[in-house]
Structure formats: C-alpha cells, structure tokens
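Numbering (this note's numbering), first residue to last: 132 to 291. Reviewing the structure listed below.
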C-alpha cells in the first residue's frame with residue numbers, strides 16, 4: 132500500500148503549485164535530528180537517542196562558510212599520513228613484542244633455589260656411592276646431609 136501511495140504522490144507532484152513544491156522541498160531538504168552526547172566506557176559518543184531519561188538534546192548549528200577543496204584535500208592527506216604512521220608504529224610494536232617473546236623463550240631458564248638444592252643433593256648422593264676412599268665418601272655424605280637439611284628448611288621437602 133505504501134508503494135501505491137508513493138507512486139501517486141510521485142505522479143501528482145508535477146501538478147502541485149510551484150510555491151507549495153518549493154516549500155515541500157525546503158522542508159524535506161533540511162534534516163532536523165536531535166543529537167545526544169554520552170559517555171560509554173570512558174569514551175564520548177554521539178547518538179540520536181537519549182542516554183538517560185532526563186537527557187536534553189545538544190544545540191547543533193549547521194555549518195557556515197565556504198568549503199575549501201584544497202584545505203579539505205590537505206586535511207585528508209594529513210589524516211591519511213597520521214593513519215599510516217600509526218599503522219607502521221603498531222606493526223613495529225607487534226614485531227618488537229614478538230622478538231622479545233622469542234628471546235625470552237630461547238633464554239635458558241633460571242634455576243630455582245629448590246631445583247638447585249635438589250640437583251646438588253642428588254649429586255652428593257651419587258658421588259657418595261661412587262667414591263671408594265673413606266675421606267671422599269665422608270665428604271659427600273656430609274654434603275648430602277647439608278643439602279637434605281637445606282631441602283627441608285627452604286623447600287619443605289623431607290627425605291630419609
């Protein structure tokens with residue numbers, strides 16, 4: 132039904148008096164939208180709907196003055212250059228983060244104190260069984276007792 136109405140209006144538009152047609156075009160040509168300003172996630176947002184029930188629309192005046200195509204082109208070029216610079220900087224940051232991640236992954240892992248104590252304790256235990264001379268065996272057994280004590284005190288592990 133709306134298409135039929137639109138077609139009739141279109142056919143009859145040519146029959147309207149010139150003054151009424153001019154008035155109709157003038158009224159339809161201007162857009163009167165209400166604009167509301169809101170804060171969403173800490174960012175300023177402009178919308179055509181009120182953010183809260185008691186919001187009032189902003190007073191927006193139409194732009195005045197002449198449009199300078201050269202100034203518009205220069206502004207567009209500056210914007211394009213800024214966007215390209217930001218894109219290149221973001222790409223460089225991503226590449227640097229990737230390099231750091233690879234470097235960190237390839238670094239030898241620092242041995243924790245408990246890992247170091249466990250390694251030394253295992254070494255002392257192995258050498259105490261390996262050596263045959265009593266002085267060497269006693270030295271390694273003393274080391275073993277020392278590292279068992281350190282393991283208990285620093286890491287909370289108990290060994291017989």
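C-beta atoms are modelled at their ideal positions from N, C-alpha and C, and glycine is treated no differently.
Would you tell me roughly how many angstroms separate the C-alpha atoms of residue i and residue j, rounded to the nearest one?
i: residue 275; j: residue 285; result: 15 Å
i: residue 220; j: residue 230; result: 15 Å
i: residue 243; j: residue 258; result: 23 Å
i: residue 173; j: residue 182; result: 14 Å
i: residue 278; j: residue 252; result: 5 Å
i: residue 166; j: residue 233; result: 50 Å
i: residue 222; j: residue 208; result: 21 Å
i: residue 201; j: residue 169; result: 34 Å
i: residue 246; j: residue 261; result: 22 Å
i: residue 205; j: residue 197; result: 16 Å
i: residue 255; j: residue 269; result: 10 Å
i: residue 179; j: residue 235; result: 50 Å
i: residue 271; j: residue 290; result: 16 Å
i: residue 281; j: residue 267; result: 21 Å
i: residue 249; j: residue 283; result: 11 Å
i: residue 226; j: residue 288; result: 43 Å
According to DSSP, is residue i part of a helix, a strand, or is it coil?
i: residue 268; result: helix
i: residue 289; result: coil
i: residue 168; result: strand
i: residue 184; result: coil
i: residue 256; result: helix
i: residue 308; result: No information on residue 308 is available, as it lies outside the stretch 132 to 291 that the chain covers here.
i: residue 284; result: helix
i: residue 250; result: helix
Start and end of the alpha helix (DSSP H) containing residue i?
i: residue 224; result: 200 to 237
i: residue 263; result: First-last for residue 263: undefined, no H or E at that position.
Considering residue i, what are the terminal residues of the beta strand (DSSP E) in which it resides?
i: residue 176; result: 174 to 178
Would you say the beta carbon of residue i is closer than 7 Å to some non-hydrogen atom of the ligand FMN?
i: residue 244; result: Inclusion of the ligand FMN in the displayed structure is not the case, the ligand content being empty and no account of it being possible.
Legend entry - Segment contact, 8 Å Cβ cut-off, at least three pairs: the segment 184 to 193 with the segment 206 to 217: no
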